[in-house]
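I have placed the structure first, in the form of structure tokens, so that the comments after it can refer back to it.
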Amino acid sequence: MKAKSIIIVALLAILVIYGIGVNNGFVTAEESVESAWAQVENQYQRRADLIPNLVNTVQGAADFEQETLQSVIEARSRATSITLQADDLNDPAKIQQFQAAQEQLSGALSRLLVSIERYPELKANANFRDLQAQLEGTENRIATERKRFNDTARQYNTNIRKFPGSLIASITGFDRKAYFEANEGAEQPPLVDFE
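Residue numbering for the sequence shown follows my numbering, beginning at 739 and increasing consecutively.
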């Protein structure tokens, strides 16, 4: 009887130690997701910080289309007003709202850059060229960080869905993280019209 009790206690201890290890793995994976999200926000903030410089350079170098410039300023304001907390990463609707505001800003910047083609003296301005290169680099960084976030979220989601980890995840409250998804119509190339 005593040997049976020792075996049961040993098995329970092994299960508890295993559960703690799996739980700690989930904590590490969740922190990786949140860290990846912070990098996404960092790159969006970088873009938002560059926009006032771009706008000032454009205003100072050309008699520019006020409507296009105003749309960039308004889109930047909307994009910076929507923030996500770590808990919001479980809510696909909140990520979609954040992404929609960022996409509006991307669209406004695209229209601004296309409109600038009409102003050769602005394109020749070294400050503008530098800012344009910074914005292009920032857009690439955003795409890279969004991919890293999705990769990290996928790895986390896979870990919490695999058995027996799924049992521990459901008991300890680890929920799936939402992904960045392409906007509707993103498969269509943008229309560039110089008229």
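For glycine and all other residues, C-beta sits at the position ideal for the given N, C-alpha and C. Note that the coordinates shown come from a computational prediction; the quantities given were computed from them, not determined experimentally.
Close beta carbons around S773, own chain, < 6 Å, minus the five adjacent residues each side: As a first step, residue 773 is located in the sequence shown; it is residue number 35 there, counting from the start. Here the set comprises nothing.
Measuring CA to CA, which of I744, L792, A831 and I752 is closest to A846? For the purposes of this step, residue 846 is identified with residue 108 of the sequence shown, where counting begins at 1. For A846, the nearest C-alpha among the options comes from L792.
What is the DSSP secondary structure of A776, reduced to helix, strand or coil? For the purposes of this step, residue 776 is taken as residue 38 along the sequence shown, with counting starting at 1. DSSP places A776 in helix when its eight states are reduced to three.
Using a C-beta cutoff of 7 Å, does E772 count as contacting chain C? Note that chain C does not occur in the displayed structure, where there is just one protein chain.
Taking 8 Å as the cut-off, does the region 776–788 touch the region 807–819 (at least 3 CB pairs, one atom from each stretch)? yes
Measuring CB atoms only, is the region 867–876 touching the region 822–832, in the sense that at least three cross pairs come out at less than 8 Å? no
D913, DSSP secondary structure in three states: Sequence index remark: in the sequence shown, residue 913 carries index 175 (1-based). Here D913 sits in coil by DSSP.
Do you know how far the Cα of T896 is from the Cα of I906? To locate residue 906, count along the sequence shown from 1; it is residue 168. To locate residue 896, count along the sequence shown from 1; it is residue 158. So the alpha carbons of these two residues sit roughly 13 Å apart.
In its own chain, which residues sit with a C-beta less than 7 Å from the C-beta of F836, not counting the 5 before and 5 after it? Numbered from its first residue, the sequence shown carries residue 836 at position 98. Excluding positions up to five away in sequence, the list reads I820 and L822.
What is the DSSP secondary structure of T821, reduced to helix, strand or coil? Mapped onto the sequence shown, residue 821 falls at position 83. Correct three-state label for T821: coil.
State the DSSP-derived secondary structure class of D787, mapped to helix, strand or coil. The count along the sequence shown starts at 1 and reaches residue 787 at position 49. Looking at D787 - three-state DSSP - the assignment turns out to be helix.
Output the distance between the C-alpha atoms of D868 and V760, rounded to the nearest integer angstrom. Translated into the one-based positions of the sequence shown, residue 868 becomes position 130. Translated into the one-based positions of the sequence shown, residue 760 becomes position 22. Taking the straight line from one Cα to the other gives about 48 Å.
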